[in-house]
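All remarks here apply to the structure that follows.
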Amino acid sequence: MYFCYYSSAAICFIFAYSLTIFVACLSIQGRWEEANRNCIAYIPTIPIGEIENSTFMQRCLNMGSRSGCELRRKKALSSSPPGVTFDDRLWYQRFFEDSYAPFITSPTVQIGALISFICYAAIAYAGACNVKVGFELINVIQKDSPSRRFLEIKNTRFPNDVLMVDVAVMRPPNMGDATQRRLFLDALSDLERTSCSVGRNTTDFWYFAYQRFVDRLGFGDSWATLNEDETMFHKNLRPFLMANERYDHDILYYPNKSMSAFRFTMQLVSCPSDERIVWCANVVRSTAEKYRDEFNITTYTPLWALADQLEIIWPQTMQDLYISIAVMVPVSLFFIPQPLCALIIVLNIASVAFGVIGFMTWWDVNLDATSMITIAMSVGFSVDFAAHIMYGYMTESKTKYEKINVPYARLVGVLGAVGWPVSQASISVVLGVMTLSTLDSYVVRTCFKTVLLVIIIGTFHALLYLPLMLMNLHSLFFKISSTIKAHTAVSNPGVQRQ
Numbered sequence: 001m002y003f004c005y006y007s008s009a010a011i012c013f014i015f016a017y018s019l020t021i022f023v024a025c026l027s028i029q030g031r032w033e034e035a036n037r038n039c040i041a042y043i044p045t046i047p048i049g050e051i052e053n054s055t056f057m058q059r060c061l062n063m064g065s066r067s068g069c070e071l072r073r074k075k076a077l078s079s080s081p082p083g084v085t086f087d088d089r090l091w092y093q094r095f096f097e098d099s100y101a102p103f104i105t106s107p108t109v110q111i112g113a114l115i116s117f118i119c120y121a122a123i124a125y126a127g128a129c130n131v132k133v134g135f136e137l138i139n140v141i142q143k144d145s146p147s148r149r150f151l152e153i154k155n156t157r158f159p160n161d162v163l164m165v166d167v168a169v170m171r172p173p174n175m176g177d178a179t180q181r182r183l184f185l186d187a188l189s190d191l192e193r194t195s196c197s198v199g200r201n202t203t204d205f206w207y208f209a210y211q212r213f214v215d216r217l218g219f220g221d222s223w224a225t226l227n228e229d230e231t232m233f234h235k236n237l238r239p240f241l242m243a244n245e246r247y248d249h250d251i252l253y254y255p256n257k258s259m260s261a262f263r264f265t266m267q268l269v270s271c272p273s274d275e276r277i278v279w280c281a282n283v284v285r286s287t288a289e290k291y292r293d294e295f296n297i298t299t300y301t302p303l304w305a306l307a308d309q310l311e312i313i314w315p316q317t318m319q320d321l322y323i324s325i326a327v328m329v330p331v332s333l334f335f336i337p338q339p340l341c342a343l344i345i346v347l348n349i350a351s352v353a354f355g356v357i358g359f360m361t362w363w364d365v366n367l368d369a370t371s372m373i374t375i376a377m378s379v380g381f382s383v384d385f386a387a388h389i390m391y392g393y394m395t396e397s398k399t400k401y402e403k404i405n406v407p408y409a410r411l412v413g414v415l416g417a418v419g420w421p422v423s424q425a426s427i428s429v430v431l432g433v434m435t436l437s438t439l440d441s442y443v444v445r446t447c448f449k450t451v452l453l454v455i456i457i458g459t460f461h462a463l464l465y466l467p468l469m470l471m472n473l474h475s476l477f478f479k480i481s482s483t484i485k486a487h488t489a490v491s492n493p494g495v496q497r498q
């Protein structure tokens, strides 16, 4: 919930900042550039005619944003025959349009891309089927911390500690009253008879210890007498608690000295799998729930926290993805009014999120609160990349290849326009989180690994799979349209002549 609050506040701030201060700074620098001024020092930049005579530092720091390109253009035009045009595209446009686009659209690379996507989906599916859900306390502590060593020894030497269940009776019966005592002991037996409990021999209850204490005193049938006399039962309980101080902490009293609550412990059977932990948590809790009205019984063990994570995090992660996808569909349709485009964006989001979840398993990352938040962030990167590519493809109008292949022309245009910004965004995010890999912290490393997976998978989708899918779907659409038109022309020759 707090993550949503912080994210909403950050997005609102970024939106307002981009439309006010950022745009204003761009406008000011644009005016300085138009006036041939340095964008930082506001001093005049070196004129184009004097660039060859300028120093190295002047060319690096005070040349102007396009002076180098304009100088090359001037040289090329002066030495070229009349009628020859100069290619004034930037280097990354030439790379994506002239080298990268022809490379990925070659039949061999397209077949390789299809095979790689199938392998990607298979590996992600295998990882998603074996995803590890849950958060371990020991992972929060750094490896060189003494506390971590303590937890490691505790888990090794005392593995059954987590199997001990604390049972709190918040509406305690009067154990000196035979009727109330019998009802409560029946409830206790019900808890001990579950398939998850070891049984009565592991139950540590002050009432049973009280009985053993009285029996050890050797006064014959004293225990039977105490059970029949409520006053004597409570009167002799105090000396027992003084002799066994640890049980004194298991009982709470009202100011009038009557019991307000007490607790006892019972041991669970071994839970070798996550499914067994969740099942035992549900069994014990449901059994205790049957006696809520009479005794208000509550159970706790550290395993319950893990069970809650195992039961909640996976459905919550899926719910977050479903809601994000449902929200992005109308947003996509608003900016790109094409139902097919919205569907492709949804599929891209689902594919990236599916890949991140699957590959997390192979990188030893559990699905916990930290990775769940990062997976939710992956929707943002997926939408960004997919929307840029999709919008660029739908609005691109290249004329260089128009007569040859319209889908290919659009692919070339969108890669030339959006390829470098997508690459730049990916590289900047990777460089930003790279320092996190040096920190010896599970939470930080989990964040780094999931963000890196999001960026790598999202970039591959944006620069390889998505453009090829758009081009091939577009080509298929043209072929189907041509076939339909040809069939219509053959079936209705009179309509064609008109």
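Following UniProt numbering, the residues of the sequence shown are numbered contiguously, the last one being 498. Cβ coordinates follow ideal geometry from the N, Cα and C atoms, glycine included. Note that the structure is predicted; figures quoted are calculated from it, not measured.
With DSSP as the reference, please indicate the residues paired to residue i in a beta bridge.
i: Gln267; result: Met164
i: Phe262; result: Val169, Ile251
i: Pro44; result: Arg37
i: Val133; result: Leu367
i: Ser197; result: Leu268
i: Asp204; result: Thr265
i: Tyr300; result: Asp166
By a C-beta neighbour count over all protein chains shown, 10 Å radius and 16 as the cutoff for buried, is residue i buried or exposed?
i: Glu275; result: exposed
i: Asp440; result: exposed
i: Arg410; result: buried
i: Glu97; result: buried
i: His142; result: In the sequence as displayed, the identity of residue 142 is Gln instead of His. It is exposed - the Cβ of Gln142 has fewer than 16 other Cβ atoms within 10 Å.
i: Gly267; result: For the record, residue 267 in the displayed sequence is Gln; it is not Gly. Answer is buried; the Cβ neighbour count reaches 16.
i: Phe103; result: exposed
i: Pro467; result: buried
i: Asp308; result: exposed
i: Ala387; result: buried
i: His487; result: exposed
i: Trp362; result: exposed
i: Leu415; result: buried
i: Tyr254; result: exposed
i: Ala281; result: buried
i: Tyr100; result: buried
i: Gly358; result: buried
i: Tyr17; result: exposed
i: Pro173; result: buried
To the nearest angstrom, how far is the alpha carbon of residue i from that of residue j?
i: Asn256; j: Val327; result: 58 Å
i: Trp32; j: Ile43; result: 9 Å
i: Ser270; j: Trp304; result: 14 Å
i: Tyr300; j: Val365; result: 27 Å
i: Gly392; j: Pro272; result: 52 Å
i: Ser67; j: Arg89; result: Note on Ser67: pLDDT 47, under 50, position unreliable in the model; no value is reported.
i: Ala9; j: Asn472; result: 40 Å
i: Phe56; j: Thr45; result: 14 Å
i: Cys12; j: Val109; result: 42 Å
i: Lys235; j: Pro302; result: 36 Å
Within a Cβ cutoff of 6 Å, which residues of the same chain sit near residue i, ignoring the five residues on either side of it in sequence?
i: Thr483; result: none
i: Glu396; result: Arg410, Gly413, Val414
i: residue 517; result: Nothing about residue 517 can be read from this structure; the chain reaches only from 1 to 498.
i: Val133; result: Leu310, Ile313, Trp314, Leu367
So, at 7 Å on beta carbons, what are the nonlocal neighbours of residue i in its own chain, with the 5 sequence-adjacent residues on each side left out?
i: Ile394; result: Looking at the sequence itself, residue 394 is Met, so the reference to Ile does not match. These residues qualify, in order along the chain: Ile336, Gln338, Cys341.
i: Arg285; result: Thr299
i: Ile373; result: Phe3
i: Asp248; result: Leu241
i: Thr446; result: Val365, Thr370, Ser371
i: Asp190; result: Thr287
i: Ile389; result: Val414, Val418, Ala462, Leu466, Pro467
i: Ser475; result: Pro407
With 9 Å as the threshold, decide whether the Cβ of residue i is near any Cβ in chain C.
i: Thr299; result: Absent here is chain C; the protein component of the structure consists of one chain.
Leaving out five residues before and five after residue i in sequence, what residues of the same chain have Cβ atoms less than 8 Å from its Cβ?
i: Leu452; result: Val430, Val433
i: Ala353; result: Leu321, Ile375, Ser378, Val379, Ser382
i: Pro47; result: Asn36
i: Phe233; result: Met175, Gly176, Leu226, Asn227
Do you know whose CA, among the options, lies nearest residue i's CA?
i: Asp293; options: Ala376, Asn53, Ala128, Met170; result: Met170
i: Val443; options: Thr370, Asp186, Glu396, Thr108; result: Thr370
i: Met164; options: Phe150, Met175, Asn201; result: Asn201
i: Asp384; options: Arg246, Ile357, Asn174, Val422; result: Val422
i: Ile344; options: Ser273, His249, Leu226, Met469; result: Met469
i: Ala178; options: Thr231, Ala126, Thr203; result: Thr231
i: Val283; options: Cys196, Asp215, Glu152, Ala41; result: Cys196
i: Asp250; options: Phe264, Ala124, Val198; result: Phe264
i: Ile115; options: Leu464, Ser491, Val490, His474; result: Leu464
i: Tyr92; options: Lys485, Phe205, Trp420, Val131; result: Trp420
i: Ile323; options: Ala350, Phe334, Leu333, Leu306; result: Ala350
i: Phe208; options: Gly218, Phe460, Leu188; result: Leu188
i: Thr203; options: Leu185, Leu306, Ile123, Ile456; result: Leu185
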